[in-house]
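Student: In the numbering used here, the protein residues as written are 375 to 1296. By construction, the Cβ of each residue, glycine as well, lies at the ideal position given by its N, Cα and C atoms.
#1: CB residue 834 to CB residue 652, shorter than 8 Å?
#2: To the nearest angstrom, report how far apart residue 615 and residue 707 are at their CA atoms.
#3: Which of the three DSSP states, helix, strand or coil, is assigned to residue 604?
#4: If you run the structure through DSSP and keep just helix, strand and coil, what is residue 1119?
#5: Put residue 522 into one of helix, strand or coil per three-state DSSP.
#6: Under the three-state reduction of DSSP, which class applies to residue 643: helix, strand or coil?
#7: Between the region 827-841 and the region 860-874, do at least 3 Cβ pairs fall closer than 8 Å?
#8: Which residue's Cα is closest to the Cα of residue 1268: 1256, 1281, 1257?
#9: Do three or more CB pairs link the region 1218-1232 to the region 1113-1132 at distances below 8 Å?
#10: Tell me the residue span of the alpha helix (DSSP H) that contains residue 876.
#11: Apart from the five residues just before and just after residue 962, which ones in its own chain have a Cβ nearer than 6 Å to its Cβ?
#12: Please report the straight-line C-alpha distance between residue 410 and residue 552, rounded to a whole angstrom.
#13: Is it right to say residue 1004 is buried, meaning 16 or more other beta carbons lie within 10 angstroms of its own, or is it exposed?
#14: DSSP three-state call for residue 1242: helix, strand or coil?
#15: Answer yes or no: do residue 902 and residue 612 have a C-beta to C-beta separation smaller than 8 Å?
#16: Classify residue 887 as buried or exposed, calling it buried when 16 or more other Cβ atoms lie within 10 Å of its own Cβ.
#17: Whole alpha helix (DSSP H) runs in the region 1119-1196 with 4 or more residues, listed along the chain?
#18: State the Cα-Cα distance for the pair residue 1294 and residue 1038, rounded to the nearest angstrom.
#19: On the criterion of 16 or more Cβ atoms from any shown chain inside 10 Å, does residue 755 qualify as buried, or is it exposed?
#20: Buried or exposed, going by whether 16 or more other CB atoms sit within 10 Å of the CB of residue 580?
#21: Based on Cα-Cα distance, which residue from 808, 725, 924 lies nearest to residue 793?
#22: Inspect the CB distances between the region 1044-1055 and the region 965-980 and report whether three or more fall short of 8 Å.
#23: Tell whether a beta-carbon distance below 8 Å holds between residue 1117 and residue 1158.
#24: What are the start and end residues of the beta strand (DSSP E) that includes residue 691?
#25: May I ask which residues mark the beginning and end of the beta strand (DSSP E) holding residue 754?
#26: Give the DSSP-derived three-state secondary structure of residue 1096 in the structure shown.
#27: Buried or exposed for residue 1237, please, with buried defined as at least 16 other CB atoms from any protein chain shown within 10 angstroms of its CB.
#28: Taking all protein chains shown into account, do 16 or more other C-beta atoms lie within 10 angstroms of the C-beta of residue 1094, making it buried, or fewer, making it exposed?
#29: Note down, in chain order, each residue of its chain lying with its Cβ closer than 8 Å to the Cβ of residue 949, except the 5 sequence neighbours on either side.
#30: Just the Cα atoms here: how many angstroms apart are residue 895 and residue 940?
#31: If you scan the region 699-745 from start to end, which runs of the beta strand (DSSP E) of 3 or more residues do you find wholly inside it?
#32: Kindly list the residues whose CB is nearer than 8 Å to the CB of residue 621, restricted to its own chain and excluding five residues on each side of it in sequence; keep chain order.
#33: State the Cα-Cα distance for the pair residue 717 and residue 904, rounded to the nearest angstrom.
#34: Short of 7 Å in beta carbon distance, which residues of its chain neighbour residue 751, apart from the five on each side in sequence? Order them along the chain.
#35: When DSSP labels each residue in this structure, what does residue 1207 get in the three-state scheme?
#36: Rounded to whole angstroms, what's the CA-CA distance from residue 1006 to residue 723? Just pull it up for me.
In C-alpha cells, the structure reads:
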C-alpha cells in the first residue's frame, strides 16, 4: 500500500470516523473492510488513532494515558458486528474499565509488505495501541507516528506529577491507588473531570431519603436546624427522689374570699407570652424544639424516640400499658404511699380486715387500676369514671390484677363526661355509698385528649379538664387521702392557680416527672399527700368555677383566666418551687428533644443502657420481669386438683345431721359457730376469671358444670375456690315482691390464688366478707348478688330465732312461710342451721367464772392458756369433717306462728335453747 493511499485515507472521512468509534473501539470499524491487504485495513486504524490521541475529550472514567470521550455506537453497528470487528483485531473481552483487551497477536508481516519488523504483542492494549509502533526503528514505518509518542511521553510526566500533588493533598481521605487513578484521569484539585472541568467537585452525599416520602422530598427544616444534643446534661439513673413543697401554714381562706380571686378576660390561644413561671429562653427553646419535628413523619419520630430513651424498654411489663408502670414508678418513689398508706406514726391506715379503696378518673383503659389491684392482691376495691366506648376501661385486659374488684361508673347521664356537674355528683354519691360514706383512700387521674396541630397550647386547651379532675378528687377523697393527677405544661396563671389551690387543700404537694414518662414530652404529675379536713371552701370554689366555664362554652371571646391573684402566685416559696420545677423540666425536655433529633438524623445511634436501666428500675419498684400473658381458662377439674394438692377425698364427705348422739359430743359451746342455711345442697364454686365460673356438688360421679346452668351469672377472679349454696331471696311482699337467685358463700379455700385454708375460721370469714365486698358491683344488674351469712356464736343462737318471721311468698302457696330476714329487707326460706367446730381437738375453749374470760384447755396435757394455741386452729378440712347440720324439716318447730306440730324425735327450738342453757349453767 502506498503512502499516498495512507494520506488519502487519513484526510478523508474514514470508516472509523463514520462509525464515530469511542475509546477502546478504534479497530472495530475495520473488520468489514474490502481492501485487499491487511495493511490497507490496519493503516486507517492508526490514522484514526492519531486523531483521537491529539484531542482532549471529556467524560472518560477509564484510567488511560489520554482521557477519552465516551461515544455512542451508531445504530448501523450491531452488537454482533462490533464483536466480530474486535475479534478480528484480537480483542475478545472487555475489562473492568469498559475496555476490550487483546488476547492474541495480529500477524501484520503477512500483509504489510513495507515493514520488516513485527509489532509487539501488547501493541493494541487499551490506551497504548500506538506507543508500541512509535518505538519501531523500521525505515518503512510512516513518520507521522513519531510525534505521537513524544506528546504521550510529555503528557504522562505531567500527570504523574499531578498524581503526586493530589496524593499529598488528600492522603488522609483516599487510598493511594484511587488517588493515582484520579490523577491519570486528568483530575485537578478543586476542579471537575471533563474537557471543561465541568464534572462535580463535591463528594456524592449519602441518601437523604427517609420514610415513605417521595424521592427528593426532604424535611429541610428538620435537617438544616442546628440542634446540638449535649449527652453530659442527661443523667441516666434508676434512683429518683421527689421534691415536696414546704407545707402551707396559712389558714384556709373562706369561700367568700376565694370568690374575689377570680378574674375573667379574653380567651387565650397562644402560650408564647406566658413568662411569669418560666424563663423566656427556655419557653422559646421548648416551642422551637417541638416545631422542628412538624416535618418529620410520625413513624420516624417514634423510632428515634424509642432508640434514644434509656427507659423506653420498660414499657408495660406485666400490665396492659405504660401508664401502669408510671403509677408503679410514682408509688415506689413515694414509698408506696398509695398502695400501702401509713399514718404519721408509720402505722398502716388500712387494717387487715378492711379494703383499700381508690378511684381512677379519666383513666381508660385502666393501667393505673390494674397496677393497684395487682399490688394489693385482692385487698382493694376501685371505682372508675371515664368516657364510654373507645375511651372506656378495658377490664378484659386486666391480666395482672383482678378486674372483678373494679367497678366503672358513668355518671347520671351514662356518658362518663367529667365536665358535667350531675355526673360529678352522681359519682360522689356512688363512691360514698360503697365506702361507708367515708370516701376513697386515694384518687388517680390521667385525663388527656388529642391536640393534634395545637400541641404548643395543650395546657390552655386542658384547663377545664385539670379543674374537673381536681374537683372530682376532692369530692370522693376521705380525710388524709392522696391524689395523683397528670398535667402537662404549667405556665399559665390558671394552671398554676389550680396547683396553688391543691397546695392549700393538702398537707404536702409536689410536681414530679417519673422516668417512665418520656423525657421529651411536657408530661408531669402533681402528687398531693394527705387531704386537709378544712378543704371544703376550695371544693365549693372549684365547683363554681366549673359552672361558669360550662356557661362560657359558646362564648368565643370571654374566659376565666385567673382563679388565684397573680401577686399571690408570685410571692413566696410557692413561686420559687414552681419556677424551679418548670425550668428544670424544660431544660430536660429541650435536651431530650435534641437527642431525638440526633437519633433521627443518625439511624445507627442506639441508647445501649436500656437493658441495664430496665432491670434496675424493676428491682427498685418491686415489679417482676415476667412476660405478660393472659390467664389460662383451663379445665376446672385439672385446676381444682392443682389447687387442692392435699386430701381431695374429704370433699366427697357430707355433713352429719344433728341427733341426740351427736349433740352429746358438743363438750363446749364456745368451740362452735353457727349460721342459717337456705338450701340443702352445697357446691364448690371455682373462678377461672371474670364470667368463667364453674360449680361441682362434690360427688365423684358428677362433673364440673358452668354456673349458668343454675340460671345465675357471677364473676370471680381466677384461682378462687369457694364453698357456697345457691338460694332464692325475696324482697317486699304482695304484688311488688321481688325474687332473685343469690349465692351464699359459706367458706373459702382460695381467694385470688391466695391459699386461706389454714387460717382460723373466724379469719377466713373476715377475709371472705372483704372479698365479697370487693367483687360486689351494684351497677351490674346482670350479676347475681353474692353474700356471706351472718355468723353467730352457739351460745347466742337465740339471735337467729329473733330474725325469723312468717311471710307470704309468691309461688309458695297461699299460707305464710317461715322466713329468715337479712339486712336491707331481704329474706329467704331457711333450710336449717349449720354448726362449725372452730377449735381443734384436744383443745377446747372454756369460760373462767371468776374472771368471766375465755381460755383454752388441752384435754390431753391439762395445759391451760389465755393465748390462742397455734395447733388449736381448725382448717377448712377440719371444719368440713366436724360440721353438724340441723335440718328444719317437717315436724321441726322453731317459730311460735308455725302451723307445724313438733315431732318428738326431732330437735325443736326449745330443745336447743334448753341444751345451751344447761351448758352455760355448768
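Tutor: By the coordinates alone:
#1: Locating residue 834 in the chain shown gives position 460, where the first residue counts as 1. Locating residue 652 in the chain shown gives position 278, where the first residue counts as 1. Not closer than 8 Å, so no.
#2: For the purposes of this step, residue 615 is taken as the residue at position 241 of the chain shown. For the purposes of this step, residue 707 is taken as the residue at position 333 of the chain shown. Rounded to whole angstroms, the separation of the alpha carbons of residue 707 and residue 615 is 6 Å.
#3: Taking the chain shown and counting its residues from 1, the one referred to as residue 604 is at position 230. Note: residue 604 maps to coil in three-state DSSP.
#4: Numbered from 1 along the chain shown, position 745 holds the residue referred to as residue 1119. Secondary structure at residue 1119: strand, using DSSP grouped into helix, strand and coil.
#5: Locating residue 522 in the chain shown gives position 148, where the first residue counts as 1. Its pLDDT being 43, under 50, residue 522 is placed unreliably in this model, and the coordinates cannot settle the point.
#6: Within the chain shown, numbered from 1, the residue matching residue 643 stands at position 269. Here residue 643 carries a coil assignment [DSSP, helix/strand/coil].
#7: With the cut-off at 8 Å, the region 827-841 and the region 860-874 touch.
#8: Stepping through the chain shown from its first residue, residue 1268 is reached at position 894. It is 1281.
#9: Touching, no, given that fewer than three Cβ pairs across the two stretches are closer than 8 Å.
#10: On the chain shown, residue 876 is found 502 positions in, with the first residue counted as 1. Taken as a continuous stretch (DSSP letters only), the alpha helix (DSSP H) holding residue 876 covers 867-879.
#11: Walking along the chain shown from the start, residue 962 turns up at place 588. Excluding positions up to five away in sequence, the list reads 893.
#12: Within the chain shown, residue 410 is the residue found at index 36, counting from 1. Within the chain shown, residue 552 is the residue found at index 178, counting from 1. Legend: pLDDT at residue 410 = 42, less than 50; position of this residue unreliable, no value from coordinates given.
#13: Residue 1004 sits at position 630 when you count from the first residue of the chain shown. Here residue 1004 is exposed: its Cβ has fewer than 16 other Cβ atoms, across all protein chains shown, within 10 Å.
#14: Taking the first residue of the chain shown as position 1, residue 1242 is located at position 868. In this structure, residue 1242 counts as coil in the three-state DSSP scheme.
#15: What you label residue 902 is simply residue 528 of the chain shown in a count that begins at 1. What you label residue 612 is simply residue 238 of the chain shown in a count that begins at 1. In this structure, the beta-carbon distance from residue 902 to residue 612 does not fall below 8 Å.
#16: Indexing the chain shown from 1 puts residue 887 at position 513. A residue is called buried when at least 16 other Cβ atoms come within 10 angstroms of its Cβ; residue 887 meets this threshold and is buried.
#17: Runs found: 1135-1149, 1172-1176.
#18: Here residue 1294 refers to the residue found at position 920 when the chain shown is read from its first residue. Here residue 1038 refers to the residue found at position 664 when the chain shown is read from its first residue. Using only the alpha carbons, I get a separation of about 15 Å.
#19: Along the chain shown, read from residue 1 onward, the residue named residue 755 stands at position 381. In the assembly as shown, residue 755 is a buried residue. Its beta-carbon has 16 or more other beta-carbons within 10 Å.
#20: Sequence index remark: in the chain shown, residue 580 carries index 206 (1-based). A residue is called buried once 16 or more other Cβ atoms fall within 10 Å of its Cβ, and residue 580, having fewer, is exposed.
#21: Here residue 793 refers to the residue found at position 419 of the chain shown. Closest by alpha carbon: 924.
#22: Touching, no.
#23: Counted from its first residue, the chain shown places residue 1117 at position 743. Counted from its first residue, the chain shown places residue 1158 at position 784. Yes, the pair counts as a contact, with Cβ atoms nearer than the cut-off.
#24: The residue labelled residue 691 in the question sits at position 317 within the chain shown. Unbroken run through residue 691: none, as it is neither H nor E.
#25: Counting from one through the chain shown, the residue named residue 754 turns up at place 380. First-last of the beta strand (DSSP E) with residue 754: 754-759.
#26: Your numbering for residue 1096 matches position 722 in the chain shown. In this structure, residue 1096 counts as strand in the three-state DSSP scheme.
#27: Along the chain shown, read from residue 1 onward, the residue named residue 1237 stands at position 863. Exposed.
#28: If you number the chain shown from 1, residue 1094 lands on position 720. Buried: at least 16 other Cβ atoms inside 10 Å.
#29: Locating residue 949 in the chain shown gives position 575, where the first residue counts as 1. Cβ within range, chain order: 651, 943.
#30: In the chain shown, residue 895 corresponds to position 521, counting from 1. In the chain shown, residue 940 corresponds to position 566, counting from 1. Each residue's Cα considered, the two are about 27 Å apart.
#31: Restricting attention to beta strand (DSSP E) runs no shorter than 3 residues, the region 699-745 encloses them at 730-735, ordered along the chain.
#32: As a working note, residue 621 is residue 247 in the chain shown. Exclusion of the five residues before and after residue 621 leaves 881, 882 as the residues of its chain whose Cβ lies within less than 8 Å of its Cβ.
#33: Mapped onto the chain shown, residue 717 falls at position 343. Mapped onto the chain shown, residue 904 falls at position 530. Rounded to whole angstroms, the separation of the alpha carbons of residue 904 and residue 717 is 10 Å.
#34: Position 377 of the chain shown, counted from the start, is the residue given in the question as residue 751. Excluding its 5 nearest sequence neighbours in each direction, residue 751 has C-beta neighbours in its own chain below 7 Å: 1126, 1128, listed in chain order.
#35: Stepping through the chain shown from its first residue, residue 1207 is reached at position 833. It is a strand residue.
#36: Residue mapping note: residue 1006 aligns to position 632 of the chain shown, counting from 1. Residue mapping note: residue 723 aligns to position 349 of the chain shown, counting from 1. Answer to the nearest angstrom: the Cα atoms are 35 Å apart.
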